[in-house]
Amino acid sequence: MHATGGAAGDRLTKMVEHDYENAYRAHISRWGVGATLRGAREAGGETITDAATASRIRAGYIHALETEDYQQLPGWAHALSYVRTYAEYLGLEPAPLVRRVREQIELRQHLAQPQATEKRRLRGGLRVAAGIALVIGAAAAGGWYYTNPSASTEL
Numbered sequence: 038m039h040a041t042g043g044a045a046g047d048r049l050t051k052m053v054e055h056d057y058e059n060a061y062r063a064h065i066s067r068w069g070v071g072a073t074l075r076g077a078r079e080a081g082g083e084t085i086t087d088a089a090t091a092s093r094i095r096a097g098y099i100h101a102l103e104t105e106d107y108q109q110l111p112g113w114a115h116a117l118s119y120v121r122t123y124a125e126y127l128g129l130e131p132a133p134l135v136r137r138v139r140e141q142i143e144l145r146q147h148l149a150q151p152q153a154t155e156k157r158r159l160r161g162g163l164r165v166a167a168g169i170a171l172v173i174g175a176a177a178a179g180g181w182y183y184t185n186p187s188a189s190t191e192l
């Protein structure tokens with residue numbers, strides 16, 4: 038018989054923990070944070086209302102977490118906090134879930150930035166065009182005023 042204590046037992050424990058962590062991350066990557074949270078809640082036989090009461094997180098926020106609709110939450114920092122709290126309540130390891138939500142939020146912010154830049158560029162272009170039109174209009178009015186003798190004597 039082989040003893041599993043000592044260094045060999047420690048290595049085996051680390052391997053099992055590492056495999057569990059990899060499997061957990063793979064599950065989150067495949068099914069998503071929302072499905073992982075919802076699956077854990079449903080496996081415990083709880084409704085969203087039950088979970089909201091027990092975790093002290095609003096039912097609407099839990100629904101937003103489970104559908105990954107983070108825009109319904111008061112901000113990205115709150116989203117990360119709610120994921121951590123809800124995962125702990127459900128008995129899940131929160132770190133991989135929080136990391137995944139952070140990545141999703143950062144990606145959505147990154148994708149939204151070019152649109153905001155394009156809008157600013159368009160607004161800037163409109164301002165330049167309006168300024169040019171104003172200068173041309175003023176030059177035309179000034180030219181008409183100085184070239185039309187009846188306009189200058191009527192004042």
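Per the working numbering, the sequence shown starts with residue 38, numbered consecutively. Built from N, CA and C at the ideal position, the CB exists for glycine as well.
Cα separation between residue i and residue j?
i, j, result
"Glu83", "Arg75", "10 Å"
"Glu105", "Pro111", "14 Å"
"Glu143", "Glu103", "18 Å"
"Arg145", "Ala175", "46 Å"
"Ala101", "Val70", "11 Å"
"Leu171", "Gln108", "42 Å"
"Val165", "Ile173", "12 Å"
"Tyr61", "Glu79", "Note that Tyr61 scores 49 on pLDDT, short of 50, meaning its location in the model is unreliable; the coordinates nonetheless yield the value given after this. The straight-line gap from Cα to Cα measures roughly 18 Å."
"Arg137", "His115", "15 Å"
"Ala178", "Ile169", "14 Å"
"His147", "Thr90", "35 Å"
Can you tell which of the options has the C-alpha that lies nearest to the C-alpha of residue i?
i, options, result
"Tyr98", "Ser118, Glu140, Ala170", "Ser118"
"Leu129", "Asn185, Tyr183, Gly81", "Gly81"
"Arg139", "Ala178, Ile169, Trp113", "Trp113"
Thinking C-beta only, is residue j closer than 8 Å to residue i?
i, j, result
"Ala167", "Leu127", "no"
"Thr73", "Leu163", "no"
- prompt: Are there three or more Cβ pairs, one per stretch, closer than 8 Å when the segment 115 to 134 is compared with the segment 82 to 96?
  reply: yes
task: Entirely within the segment 61 to 139 and at least 3 residues each: give me those beta strand (DSSP E) ranges in chain order.
output: none
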